[in-house]
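Novice: Per the numbering used here, the very first residue in the sequence shown carries number 1; after that it's consecutive. Cβ coordinates follow ideal geometry from the N, Cα and C atoms, glycine included.
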Amino acid sequence: ILHILSSSSGNILEDESAIDALKSSKVIADDIKEKQAVAVETEKKIDEVRAGYVPVAFHAQVLYFCIADLANIEPTYQYALEWFGDLFLRSVDDSEPSEVLEERLTILNDFF
């Protein structure tokens, strides 16, 4: 657009290529604006779902630090964070699914 405006001679309103470029730019800008609005709504939904799983994260955190503290009692009880993460992900996959968030949280806490 800037190149077209700077290289234009005479009345800009009579330059068909400049008008077409501006129309094209407006269509692209409107499309981007719509996609940004969808992205904002999607981000809000993701944040709401993520916030719903905070109780499970807290439960898993407590379990991890309990297991990590076992090494203070006996050095043979040393477990890696990677092992714990794999164990947690396996329990998420193997536990019973549910569409109701509260029920899913209870299932995850009971299973893990």
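Give a yes or no on whether the C-beta atoms belonging to SER91 and PHE111 are separated by under 8 Å.
Specialist: Yes; because the gap between Cβ atoms is below 8 Å, this pair is in contact.
Novice: Using the C-alpha atoms, what's the distance from GLU43 back to ASN11?
Specialist: Going from the Cα of ASN11 to the Cα of GLU43 covers about 45 Å.
Novice: With the cut-off set at 8 Å, would you say ALA71 and GLN78 are in Cβ contact?
Specialist: Going by C-beta atoms, ALA71 is nearer than 8 Å to GLN78.
Novice: Using a threshold of 8 Å, state whether the C-beta atoms of PRO55 and LEU105 are closer than that.
Specialist: Taking 8 Å as the Cβ cut-off, PRO55 and LEU105 qualify as a contacting pair.
Novice: Let me know if LEU81 comes out buried or exposed under the rule of 16 or more other beta-carbons within 10 Å of its beta-carbon.
Specialist: Exposed, because fewer than 16 other Cβ atoms sit within 10 Å of the Cβ of LEU81.
Novice: Could you give the DSSP three-state label for GLN36: helix, strand or coil?
Specialist: Three-state DSSP puts GLN36 in a helix.
Novice: Can you tell which of LYS33, ILE32, HIS59 has the C-alpha that lies nearest to the C-alpha of PHE88?
Specialist: If we check each option's Cα against that of PHE88, HIS59 comes out closest.
Novice: How is VAL100 classed by DSSP in three states: helix, strand or coil?
Specialist: DSSP places VAL100 in coil when its eight states are reduced to three.
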